[in-house]
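Undergrad: Heads up, the final residue of the sequence shown is numbered 338 in my numbering, and it's a clean run with no missing numbers.
Yeah, the Cβ is synthetic: ideal placement off N, Cα and C, and Gly gets one too.
Let me begin by handing over the structure; questions about it come next.
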Amino acid sequence: MAILEPVKVAGSTISKTTLHNEDFIKEKGLKIGDTVVIQKAGDVIPEVVSVNTKKRNGKEKEFKMPTVCPICGAPAIREEGEAVIRCTGIECPAKTLRNIIHFVSREAMNIDGLGYKIVEQLIEKGLIENISDIYFLTLENIASLKKNGTKFASNLIEAIENSKQNDLYRLITALGIRHVGVKAAKILAKRYKTIDNLMNASLESLSMVEDVGEITADSIYTFFKNEQTIDLIQKLKTAGVNMTSIEDENVDNRFENKVFVLTGSLENYTRDEASNIIEKFGGKVSSSVSKKTNYVLAGEEAGSKLTKAQSLGITIITEEEFEKMIN
Ligand SMILES: [Zn+2]
Numbered sequence: 012m013a014i015l016e017p018v019k020v021a022g023s024t025i026s027k028t029t030l031h032n033e034d035f036i037k038e039k040g041l042k043i044g045d046t047v048v049i050q051k052a053g054d055v056i057p058e059v060v061s062v063n064t065k066k067r068n069g070k071e072k073e074f075k076m077p078t079v080c081p082i083c084g085a086p087a088i089r090e091e092g093e094a095v096i097r098c099t100g101i102e103c104p105a106k107t108l109r110n111i112i113h114f115v116s117r118e119a120m121n122i123d124g125l126g127y128k129i130v131e132q133l134i135e136k137g138l139i140e141n142i143s144d145i146y147f148l149t150l151e152n153i154a155s156l157k158k159n160g161t162k163f164a165s166n167l168i169e170a171i172e173n174s175k176q177n178d179l180y181r182l183i184t185a186l187g188i189r190h191v192g193v194k195a196a197k198i199l200a201k202r203y204k205t206i207d208n209l210m211n212a213s214l215e216s217l218s219m220v221e222d223v224g225e226i227t228a229d230s231i232y233t234f235f236k237n238e239q240t241i242d243l244i245q246k247l248k249t250a251g252v253n254m255t256s257i258e259d260e261n262v263d264n265r266f267e268n269k270v271f272v273l274t275g276s277l278e279n280y281t282r283d284e285a286s287n288i289i290e291k292f293g294g295k296v297s298s299s300v301s302k303k304t305n306y307v308l309a310g311e312e313a314g315s316k317l318t319k320a321q322s323l324g325i326t327i328i329t330e331e332e333f334e335k336m337i338n
């Protein structure tokens, strides 16, 4: 905002106008202490038209966008291609409400009952100041928000407790890392398995992750280097929030990225059964042999696919060898 000496324009007194963003200020060449021409856009919203440079006396100061958030002190960053500067502090009071709403939302930690109004009240009453405080709320705290609120409070406490068992991907989603939605969170959880691995991942490692571009990798890397992030994760750990990829734990991906082609008839499996086993272990089954094929599983009376595999130098396995691979 530009704070102005009050002036009458088209019937009302104007004492401030929006300056939109850094680019607008630069474009108009505005300095602190300048005299400006203002008008009412569409006769309603006051706006700065131009600077009257003739009125400058040399005491005007260059405006510099703060590099840290004036509220919480975390670095404030303008990302490429964006006009706005964002506070990177995840425990910034100015951002707390919105962050908590995102944290508890259905696609994130999925804490039922913790809606906008309730979170707003909890913050107003000073019962929560940051995300991790959710996990330290008591039955009495919550019950005090409503008349006869005990039932509501015990349900909410239960929902909060249950959320501690969520898979890692939900936590990653909930943290609200820029450019990281549910899909990317799932990929990251699967790839890094624990929050510590993810926090310690190098920029190079992050950039190599499937479907994670350079901008996202950079955003994740920066996020986990932030002291407030480290502090929050520590508090969530103390609260007993799960930090590992559970859904992935029992999944055996021994055939990950491996492409199989089946040919001929197998003694102990139908085509479908063999395909299901390969897919269960994370492999893929293709109907034709190509350079991308890793294994050709050849049964009795294998035909042209076997010949083609031989000519391409692809590993051919027998049913017996296949059984060794899956056991
Ligand atoms: Zn801030």
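#1: In chain order, what are the residue ranges of uninterrupted beta strand (DSSP E) at least 3 long that sit wholly in the region 254-326?
#2: On the three-state DSSP scale, how would you describe Ile-188?
#3: Secondary structure at Ser-155, three-state DSSP: helix, strand or coil?
#4: Using a Cβ-Cβ cutoff of less than 7 angstroms, which residues in the same chain neighbour Asn-152 once the five nearest sequence positions on both sides are dropped?
#5: In the DSSP output, which residue or residues are listed as bridge partners for Thr-1?
#6: The alpha helix (DSSP H) spanning Arg-109 covers which residue range?
#7: Find the nearest neighbour of Val-191 within the set Ile-328, Ala-94, Thr-326 and His-113, judged by alpha-carbon distance.
#8: Any heavy atom of ligand 1 within a distance shorter than 7 angstroms of the CB on Ala-320?
#9: With Lys-19 as the anchor, note down where its beta strand (DSSP E) starts and where it stops.
#10: Buried or exposed, going by whether 16 or more other CB atoms sit within 10 Å of the CB of Gly-294?
#11: Would you say the beta carbon of Gly-187 is closer than 7 angstroms to some non-hydrogen atom of ligand 1?
#12: Could you check whether the Cβ of Ile-171 sits closer than 7 angstroms to any heavy atom belonging to ligand 1?
#13: Is the closest heavy atom of ligand 1 to the C-beta of Ala-228 under 7 angstroms?
#14: Which value, in whole angstroms, describes the spacing of the CA atoms of Asp-123 and Ile-168?
#15: Does the Cβ-Cβ distance between Asn-253 and Lys-175 come in under 8 angstroms?
#16: Among the candidates Val-272, Glu-290 and Glu-334, whose CA atom is the shortest distance from the CA of Ala-313?
#17: Classify Ala-320 as buried or exposed, calling it buried when 16 or more other Cβ atoms lie within 10 Å of its own Cβ.
#18: When you compare only the Cα positions, how much space is there between Asp-207 and Glu-73?
#19: Between Val-65 and ligand 1, is there a pair consisting of the residue's CB and a ligand heavy atom that are separated by less than 7 angstroms?
#20: Nearest-angstrom Cα distance between Leu-125 and Val-115?
#21: Based on the DSSP secondary-structure assignment, which residues constitute the bridge partners of Thr-205?
#22: Would you mind working out which of Ile-101, Glu-131 and Ile-96 sits nearest Leu-108, comparing C-alpha positions?
#23: Can you name the start and end residues of the alpha helix (DSSP H) that Ile-231 belongs to?
#24: With 16 other CB atoms within 10 Å as the buried threshold, where does Ile-289 fall?
TA: According to the structure data:
#1: 270-274, 295-297 and 306-309
#2: Taking the sequence shown and counting its residues from 1, one reaches residue 188 at position 177. Correct three-state label for Ile-188: coil.
#3: Counted from its first residue, the sequence shown places residue 155 at position 144. Coil.
#4: If you number the sequence shown from 1, residue 152 lands on position 141. So the qualifying residues of the chain are Leu-138.
#5: There is simply no residue 1 to check, as the chain begins at 12 and stops at 338 in what is shown.
#6: The sequence position of residue 109 within the sequence shown is 98, counting from 1. Start and end: 104-115.
#7: Numbered from its first residue, the sequence shown carries residue 191 at position 180. Among Ile-328, Ala-94, Thr-326 and His-113, the Cα nearest to that of Val-191 belongs to His-113.
#8: Translated into positions along the sequence shown, residue 320 becomes position 309. Outside the cutoff, so no.
#9: If you number the sequence shown from 1, residue 19 lands on position 8. First-last of the beta strand (DSSP E) with Lys-19: 13-20.
#10: Position 283 of the sequence shown holds residue 294. Per the 10 Å Cβ criterion, buried.
#11: Looking up residue 187 in the sequence shown gives position 176. Flag unset: Cβ of Gly-187 not near ligand 1.
#12: As a first step, residue 171 is located in the sequence shown; it is residue number 160 there, counting from the start. No; taking the cut-off as 7 angstroms, the Cβ of Ile-171 has no heavy atom of ligand 1 nearer than that.
#13: Against the sequence shown, residue 228 aligns to sequence position 217. Result no, Cβ not under 7 angstroms from ligand 1.
#14: Here residue 123 is taken as the residue at index 112 of the sequence shown, counted from 1. Here residue 168 is taken as the residue at index 157 of the sequence shown, counted from 1. For Asp-123 and Ile-168, the distance between alpha carbons rounds to 10 angstroms.
#15: Along the sequence shown, one-based indexing puts residue 253 at 242. Along the sequence shown, one-based indexing puts residue 175 at 164. Cβ atoms of Asn-253 and Lys-175: closer than 8 angstroms.
#16: As a first step, residue 313 is located in the sequence shown; it is residue number 302 there, counting from the start. When only C-alpha atoms are compared, the closest one is Val-272.
#17: One-based indexing of the sequence shown puts residue 320 at position 309. Classification of Ala-320: buried, given that the 10 Å Cβ count is 16 or more.
#18: Taking the first residue of the sequence shown as position 1, residue 207 is located at position 196. Taking the first residue of the sequence shown as position 1, residue 73 is located at position 62. Looking at the backbone, the Cα of Asp-207 and that of Glu-73 are separated by about 43 angstroms.
#19: Counting from 1 along the sequence shown, the entry for residue 65 is found at position 54. According to the sequence displayed, residue 65 carries Lys and not Val. No.
#20: For the purposes of this step, residue 125 is taken as residue 114 along the sequence shown, with counting starting at 1. For the purposes of this step, residue 115 is taken as residue 104 along the sequence shown, with counting starting at 1. Between Leu-125 and Val-115, the C-alpha separation is close to 7 angstroms.
#21: Working through the sequence shown from its first residue, we reach residue 205 at position 194. In the DSSP output, where bridge partners are listed per residue, Thr-205 has Thr-255.
#22: One-based indexing of the sequence shown puts residue 108 at position 97. Checking every option, the nearest Cα to that of Leu-108 belongs to Glu-131.
#23: As a working note, residue 231 is residue 220 in the sequence shown. Looking at the DSSP string, the run of the alpha helix (DSSP H) that includes Ile-231 is 225-236.
#24: Start at 1 with the first residue of the sequence shown, and residue 289 comes out as number 278. Label assigned to Ile-289: buried.
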